[in-house]
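Below is one structure; the comments refer to it alone.
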Amino acid sequence: MLAAKLRTILNIHLTANQAKQTHACIIINGLNSLKPLLVRQILLSTRNSSRRISQYVHNILYHLPHPDSFSWGWAIRYFSQQGQFKEALYLYVQMQRQGLCPSTFAVSSALRAYARTTHKMGGMSIHAESYKYGFSNCVYVQTALVDLYSKLGDMNIAQKVFDELAEKNVVSWNSILSGHLKSGNLMEAQRAYANIQPDQMTLASVVSACSQLGDMRFASWIESYVNDLGTDIDDQLVTALLDLYAKCGSVDKACELFHGLNKKDVVAYSAMISGCGINGKVGDAIKLFVMMVDAQIRPNLATFTGLLTACNHAGLVEEGYQFVSSMKDHGLVPSIDHYAIMVDLLGRAGRLQDAYELIKSMPMQPHSGVWGALLLACSVHNNVELGEIAAEHCFALETNATAYYSLLANIYSSAGRWDDVRRLRKLWKENKLVKLSGCSWTEST
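In case it helps, this note's numbering puts the sequence shown at residues 763 to 1207.
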């Protein structure tokens, strides 16, 4: 009966304290078979990784009476998705030392981690292992391999793996196109596309994924490619294209596509507002928002992200506050990312105390991005007191806090606090952090 109740509990969202209470109940009652579910639920319920979460998960994994690939796989995937790539790879190695056969998502997560750390030999080693474990035809593993070799710039192998894929999805298309474009080889990207006849929904998805590249050549080519198909471009694809053009800095072309839309929805308006925002056209962003509201199109969270980004670029603090306040009029609650932009906006304006007060008033736990924005502002404005507070939170939240050590060191050096610089340098060495370029650890004379 108790096991059934706990199993039900482990299928709902748990806070950190609730997870620990459930863990205690599992241990006291000897229900060790539920520990793998506990690991999964802790990771599913945790949006952002921290040292505490990392240590807690390690504790559970190493004390499982019967180690299993399920639990280790969840942990590896979680840390890989959170950007804690060294942690993910460390767990992958430890899992193998436990004599466990990795699952497909453990292998694909490890490959993605190697791709982000650009560690070619490690990635090639797992590539070889994927054949050993019988994953040579697994779409997830093969897609991760395309991503790995594309990010490493080895496009010959990336293309070979891509060509062998039985099922090509948006992720694999994005990886191969990104790789060719980053290698400066538009012809290869075009050749890859020429092998299939994707529908417009697939094209829209791939264009949206590739919009992060900001490559104008790809934007122009994909529009020509679709026109050559001899079919009308639907609104979904036009919206993806205008978003791509806006991210490339061609706001005029994006506007042309926007005004040609048959039906302008919240996605199109938000893409244009965001495009204007990142290109410093704050007036146009606000005008678009007014048009949107007048057209009785309800804004979403992405709309306000674009507006706040525009305010941030222009240093419009009061307008930023007004937009955050107006979110409730549209039935929206500011997300942690909206708070992060506001903290950055206040920090850029030199209003560090206001930024700190805003963080303290947040209804959710601030992540390292929020505290990092304050720390960066403190570095720019040489505020030691608030810089130390922000840095302390960043150190607690991030397993790899190299950038934050660098910022705090710069604050100390600007204030002439060389003893603190030396103390921080000692901590930096003890934690074996990789020093970022641009940070001076030496005392000026």
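For each residue, glycine too, the CB sits at the ideal point set by N, CA and C.
Q: Just the C-alpha distance for M1126 and A1158, rounded to the nearest angstrom, thanks.
A: Near 16 Å, if we compare the C-alpha coordinates of A1158 and M1126.
Q. Is the Cβ-Cβ distance between L823 and F841 less than 9 Å?
A. For L823 and F841, no; Cβs fall outside 9 Å.
**Q.** Nearest neighbour of T1209, chosen from F832, W935, V1052 and R1113 [CA to CA]
**A.** Outside the shown range of the chain (763 to 1207) lies residue 1209, about which nothing can therefore be said.
Q | Cβ pair S831, L862 closer than 9 Å | A | Judged by beta-carbon spacing, L862 lies within the 9 Å limit of S831, meaning their Cβ atoms are closer than that value.
(Q) Helix, strand or coil, according to DSSP, for A1177 in the structure here? (A) Three-state result, A1177: coil.
Q | Cα-Cα separation, D997 to D1106 | A | Those two C-alpha atoms are separated by around 34 Å.
Q. Which first and last residues belong to the alpha helix (DSSP H) in which I838 is found?
A. First-last of the alpha helix (DSSP H) with I838: S831 to Q843.
Q: May I have the straight-line CA-CA distance separating W836 from A868, to the nearest angstrom?
A: Approximately 7 Å between the Cα atoms of the pair.
Q: Have a look at F1020 and V933 and give me their C-alpha separation to the nearest angstrom.
A: Each residue's Cα considered, the two are about 26 Å apart.
Q) According to DSSP, is R1187 helix, strand or coil? A) Note: R1187 maps to helix in three-state DSSP.
Q: Starting from the C-beta of G1042, find all residues in its chain whose C-beta is less than 6 Å away, skip the five residues before and the five after it, and write them out in chain order.
A: Cβ within range, chain order: H1075.
Q. By DSSP, does L1107 sit in helix, in strand, or in coil?
A. Three-state result, L1107: helix.
**Q.** Integer Cβ distance of L907 from H889, believed to fall under 8 Å
**A.** That pair is a contact at about 6 Å.
**Q.** Boundaries of the alpha helix (DSSP H) in which R1060 is found, first to last residue
**A.** Unbroken run through R1060: none, as it is neither H nor E.
Q. With 16 other CB atoms within 10 Å as the buried threshold, where does H1092 fall?
A. So H1092 counts as exposed.
Q: Could you tell me the distance, in whole angstroms, from the CA atom of V1183 to the CA atom of S1097?
A: Distance between the alpha carbons of V1183 and S1097 is about 35 Å.
Q | Cβ pair A1117, G1134 closer than 9 Å | A | Inclusion of A1117 and G1134 in the CB contact set at 9 Å is not warranted, their separation being larger than that value.
Q: Kindly indicate which three-state DSSP category D1027 falls into: helix, strand or coil?
A: For D1027, the three-state secondary structure derived from DSSP is coil.
Q. Based on Cα-Cα distance, which residue from M857, L1050, W983 and V1044 lies nearest to K1026?
A. Nearest in C-alpha terms to K1026, of all of M857, L1050, W983 and V1044, is L1050.
(Q) Suppose you measure from the CA of W1190 to the CA of G884; what does that come to, to the nearest Å? (A) Going by the C-alpha atoms only, they are around 26 Å apart.
**Q.** Contacting residues, own chain, Cβ-Cβ under 7 Å from S892 (five flanking each side not counted)
**A.** Residues V869, S898 and V903 of the same chain have their beta carbon placed closer than 7 Å to that of S892, with the five preceding and five following residues left out of the count.
Q.
Does R1185 pass the burial test, meaning 16 or more other C-beta atoms within 10 Å, or should it be called exposed?
A. Exposed is the call here.
Q: Entirely within the stretch 1058-1094 and at least 3 residues each: give me those beta strand (DSSP E) ranges in chain order.
A: You should have found no qualifying run.
Q: Please report how far the alpha carbon of S1199 lies from the alpha carbon of L1169, in whole angstroms.
A: The predicted model places S1199 with a pLDDT of 38, which falls under 50 and marks its position as unreliable; any figure quoted below should be read in that light. So the alpha carbons of these two residues sit roughly 12 Å apart.
Q. CA-CA distance, K1188 and A1171?
A. The straight-line gap from Cα to Cα measures roughly 11 Å.
Q | Spatial neighbours of L910 in its chain, beta-carbon cut-off 7 Å, leaving aside the 5 residues before and after | A | Counting only Cβ-Cβ distances below 7 Å, and skipping sequence neighbours, we find L873, Y876, A877 and G885.
Q) What residue range is occupied by the uninterrupted alpha helix (DSSP H) comprising A875? A) T866 to T879 is the extent of the alpha helix (DSSP H) around A875.
Q. So what's H1129 in DSSP terms, helix, strand or just coil?
A. Reduced to three states, the DSSP call for H1129 is coil.
Q: Determine the closest residue to D1099 out of K1122, G1077, F1066 and G1109, with distance taken between C-alpha atoms.
A: If we check each option's Cα against that of D1099, F1066 comes out closest.
**Q.** Between the CA atoms of Y1174 and W1180 - distance to the nearest angstrom
**A.** Separation of W1180 and Y1174 (C-alpha to C-alpha, rounded to the nearest whole angstrom) is 7 Å.
Q: Would you kindly work out how many angstroms separate the C-alpha atoms of S833 and G1131, rounded to a whole number?
A: The alpha-carbon atoms of S833 and G1131 are separated by roughly 28 Å.
Q.
Can you tell me where the alpha helix (DSSP H) holding M1124 begins and where it ends?
A. Annotation for M1124: no alpha helix (DSSP H) segment contains it, and DSSP assigns it neither H nor E.
Q) Taking buried to mean at least 16 other C-beta atoms within 10 Å of its own C-beta, is T1071 buried or exposed? A) Per the 10 Å Cβ criterion, buried.
Q.
Assuming L1006 and I1035 are in contact, meaning their beta carbons sit under 8 Å apart, how far apart are those beta carbons, in whole angstroms?
A. Wrong, their Cβ atoms sit about 15 Å apart, outside the cutoff.
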